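Heads up, the sequence shown is in full-length UniProt numbering, so the first residue is 1 and it goes up one at a time.
Right, one structure below, let's go through it.
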Amino acid sequence: KLHPSKSQFQSQSKRDQDFEEGLNRLRKEYATAPMEDDRLSVSSLKSTDSTRTTDSVRDREDYLKQSERLFILQPFTVGALKNMRNYEGQTPAGDRKTDVLARAVQLVKTKTEIVDFILAACPYK
Numbered sequence: 001k002l003h004p005s006k007s008q009f010q011s012q013s014k015r016d017q018d019f020e021e022g023l024n025r026l027r028k029e030y031a032t033a034p035m036e037d038d039r040l041s042v043s044s045l046k047s048t049d050s051t052r053t054t055d056s057v058r059d060r061e062d063y064l065k066q067s068e069r070l071f072i073l074q075p076f077t078v079g080a081l082k083n084m085r086n087y088e089g090q091t092p093a094g095d096r097k098t099d100v101l102a103r104a105v106q107l108v109k110t111k112t113e114i115v116d117f118i119l120a121a122c123p124y125k
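In structure tokens form, the structure reads like this:
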């Protein structure tokens with residue numbers, strides 16, 4: 001049996017520590033923002049020509065329906081949402097959470113995109 005060296009253990013736990021620290025920083029930063037009550041309904045989401053989902057994207061295995069994207073992004077605060085960026089560098093703008101959320105839902109279409117989108121807001125890189 002191979003035993004991992006001590007340094008491997010340390011780098012692993014250091015990584016875990018850094019990750020934990022980053023997560024806590026993210027939580028703290030966004031926990032201070034007041035939660036809003038304005039829930040967004042899927043029916044109120046409008047697509048424009050620039051945000052309309054193409055068939056090729058819709059056929060992808062990791063494609064998320066609008067309702068699924070909304071479900072994932074809903075719990076985030078405005079502050080967090082505004083710091084999210086899609087692969088084209090677009091960020092959701094707006095004054096009210098409903099506006100920002102509606103825009104955010106249109107900026108990402110797949111699981112891969114939504115994960116990258118959310119991680120872009122992480123203050124700890």
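All residues carry an ideal CB built from backbone N, CA and C; glycine is no exception.
Just so it is clear, the structure is predicted and the values come from calculations on it, not from any experiment.
Start and end residues, alpha helix (DSSP H) containing residue i
i, result
"Phe76", "Careful: Phe76 lies outside any alpha helix (DSSP H) and carries neither H nor E."
"Lys97", "Lys97 to Leu107"
"Thr112", "Lys111 to Leu119"
For residue i, the three-state DSSP class (helix, strand or coil)
i, result
"Thr54", "coil"
Contact set for residue i: own chain, Cβ-Cβ below 7 angstroms, skip 5 residues either direction
i, result
"Asn86", "Leu107, Val108, Glu113 and Phe117"
"Tyr63", "Val57, Lys109 and Thr110"
"Arg60", "Thr110"
"Gly22", "Cys122 and Tyr124"
"Ile72", "Ile114"
"Gly94", "Val100 and Arg103"
Distance between beta carbons of residue j and residue i, contact taken as under 8 angstroms
i, j, result
"Leu101", "Gln74", "7 angstroms"
"Ala104", "Leu81", "5 angstroms"
"Leu26", "Pro92", "About 17 angstroms separates the two Cβ atoms, so there is no contact after all."
Beta-carbon proximity list for residue i, same chain, < 6 angstroms, skipping 5 on both sides
i, result
"Val78", "Lys97 and Val100"
Short CB-CB distance (under 8 angstroms) between residue i and chain D
i, result
"Ser13", "This model lacks chain D altogether, as it is built from one protein chain only."
Residues of its chain near residue i, where Cβ-Cβ distance is below 8 angstroms and the 5 sequence neighbours each way are ignored
i, result
"Gln90", "Leu107"
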